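If you're matching positions, the sequence shown starts at 4 in our numbering and goes up one per residue.
The beta-carbon is built from N, C-alpha and C at its ideal position, and this holds for glycine as well.
Keep in mind the model is a prediction, meaning the values are calculated, not measured.
Report on one structure; see the data block that follows.
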Amino acid sequence: MSEEWIRFPTTEERKLDIKRRGFMEKAGFLGIIGCIDCTHVAILAPTDQEHNNVNRKEIHSKHIQIVCSFNLEILSINARYPGSANDAFIWRASAVKRIMELKYNRGDSGYPLQPWLSTPFENPLPDTPESRYNYDHKITSSDVERYNAYFKERFRCVSGERKLRYAPDKVGSIVSSCAVLHNMCIRAGIEIIIDEFEETDVPNGNEYVPNVVLNEGRQVQQDVVNRYFR
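Okay, structure coming up:
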């Protein structure tokens, strides 16, 4: 059932459809398929490998990777990893990374720059093409932060107000099931309104990236800046 409701676009036709419908009109980025981020879901301390489930805030959790579209529909969810895993590690092992090839995706500063993953520049000077790129990048990336807020408002069992009292694997299944229900609501036009949401900056994962890949990523990033932000 999850494959019916949560599908990363793997055909060129659907990729182009998603591109046309949102990200270009919203922030001027051509070729964006989705926005990626991770969020924590609190759990009780498990009896097995308890230390692996402690995140950087010293809370037991599952670390959930989400890719969402411009309309907050979930394109991919990965609920397998413990709280100690960082964003870049989960991304490196994800199926989405393997099928991206040289297509764009949009991640925050917690992810390494790669040809298929567009990240912000670090500390650009004001009123430069790079700073304008970062501004529009932030607008686009806020979609996935809004999704996290809406998701936890809609399904209070995964909010920070409480801990899920199940084994980590069971928690992953619950989160994935909530994601299916979320997409059902999106497609049915069932909205949820919250007054505000908190944007969070994720520190860089400091993942090693081979020079050839890093250089390709920088070239793609610079090409986008030269084409759309000068």
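Proximity of residue i and residue j at Cβ, strictly below 9 Å
| i | j | result |
| --- | --- | --- |
| Lys65 | Val178 | yes |
| Gly163 | Ala82 | no |
| Ile9 | Ile102 | no |
| Pro224 | Thr122 | Going by the sequence as given, residue 224 is Gln instead of Pro. The answer is yes: Cβ separation under 9 Å. |
| Phe232 | Tyr150 | no |
| Ile69 | Tyr84 | no |
| Phe26 | Phe92 | no |
| Ala96 | Ser79 | no |
| Arg157 | His185 | yes |
| Val161 | Val44 | yes |
| Ile235 | Leu167 | With the chain covering 4 to 233 only, the question about residue 235 has no answer from this structure. |
Cα-Cα separation, residue i to residue j
| i | j | result |
| --- | --- | --- |
| Glu61 | Ala48 | 11 Å |
| Cys41 | Lys141 | 16 Å |
| Arg221 | Trp94 | 19 Å |
| Lys173 | Cys181 | 12 Å |
| Val57 | Thr143 | 30 Å |
| Ser87 | Arg159 | 23 Å |
| His63 | Ser145 | 26 Å |
| Tyr153 | Pro132 | 32 Å |
| Asp52 | Ala170 | At residue 52 the sequence reads Gln, which differs from the Asp that was named. Distance between the alpha carbons of Gln52 and Ala170 is about 11 Å. |
| Cys38 | Arg59 | 23 Å |
| Phe11 | Lys155 | 22 Å |
| Ala234 | Glu7 | No information on residue 234 is available, as it lies outside the stretch 4 to 233 that the chain covers here. |
| Asn89 | His54 | 14 Å |
| Cys188 | Ser5 | 14 Å |
| Glu28 | Asp139 | 11 Å |
| Pro127 | Thr50 | 46 Å |
| Glu227 | Glu194 | It is Val, not Glu, that sits at residue 227 in the sequence shown. Using only the alpha carbons, I get a separation of about 33 Å. |
| Cys71 | Ser134 | 24 Å |
Residue i, buried or exposed, once every other Cβ within 10 Å from all chains shown has been counted against 16
| i | result |
| --- | --- |
| Thr13 | exposed |
| Pro129 | exposed |
| Glu125 | exposed |
| Leu75 | buried |
| Asn229 | exposed |
| Glu148 | buried |
For residue i, the residue or residues it bridges with in DSSP
| i | result |
| --- | --- |
| Lys60 | DSSP, once it has assigned bridges, lists no residue as partnering Lys60. |
| Lys65 | Val44, Pro85 |
| Ser79 | Val70 |
Residue-chain proximity (residue i, chain D), Cβ-Cβ < 9 Å
| i | result |
| --- | --- |
| Trp8 | In the displayed structure, chain D is absent; only one protein chain is listed. |
Q.
So within the stretch 133-201, which uninterrupted alpha helix (DSSP H) runs reach at least 4 residues, ignoring any that extend past its ends?
A. 171-191
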